[in-house]
Amino acid sequence: TTRALTNGTQLSKIQIPLPSKCEQQAIVRVLSDIDNLISTQEALIAKKQAVKQGAMQELLTGKRCLAGFVDKWCRHKLENVVDFCTSSVRLKDIDVKEYIGTDNMLSNLGGVKDNELCLQYSTVREYKKKDILISNIRPYLQKAWFANRHGGCSNDVLVFRSKDERKYMPLFLYFL
């Protein structure tokens with residue numbers, strides 16, 4: 013049972029397990045080593061993300077070309093490259109965990125987490141594998157996801173699909 017602790021008297025009566033000081037020191041060393049390893053990995057990940065962000069700025073704008081490529085880039089209207097999809101799917105035809113709402117989209121292109129909400133809809137907007145889903149609410153949060161499965165989503169999520177995968181790679185369009 014969980015109870016709110018209202019004062020220090022209640023807090024002071026809680027019993028906690030304590031090993032010998034020697035064992036406490038050993039446990040502290042192990043957990044501190046793990047914390048340091050996590051911090052090092054997080055710093056490395058942050059550095060790699062910054063490198064990727066810089067590369068994206070140069071590669072996706074055409075400021076820099078990869079070795080062996082010299083062709084000039086063409087400009088196209090988005091409507092000629094992707095379809096804005098509005099078809100619907102019955103909620104009972106998809107796994108509720110596959111539902112994507114703006115609440116279970118993660119910021120900064122972090123992907124999605126499984127839906128845990130109870131849904132009251134009979135139909136939802138459909139998305140398919142390789143579609144690009146973008147939250148239409150608070151765009152500065154950069155909530156976007158490259159679908160790796162079929163499912164349904166909120167009407168607050170825009171669904172884009174490549175018009176021709178032979179010409180316009182869905183994953184490239186997502187990165188763009």
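Residues in the sequence shown are numbered consecutively from 13, following this note's numbering. We treat Cβ as the ideally placed atom computed from N, Cα and C, and that holds for glycine. Since we're looking at a predicted model, the values are computed, not measured.
Asked	Found
Beta-carbon spacing of Ala156, Ile146 below 8 Å	yes
Residue from Val93, Lys104, Trp85 with nearest C-alpha to Gly163	Lys104
DSSP state of Thr52 mapped onto helix, strand, coil	helix
Residue burial classification, Asp143 (beta-carbon count within 10 angstroms, cutoff 16)	buried
Meets three-Cβ-pair contact criterion under 8 Å: the stretch 87-96 and the stretch 169-179	yes
Where Asp126 sits in the DSSP three-state scheme	coil
Presumed contact (8 Å Cβ cut-off) between Lys141 and Arg161, rounded CB distance	6 Å
Coil, strand or helix - Asp95 by DSSP	strand
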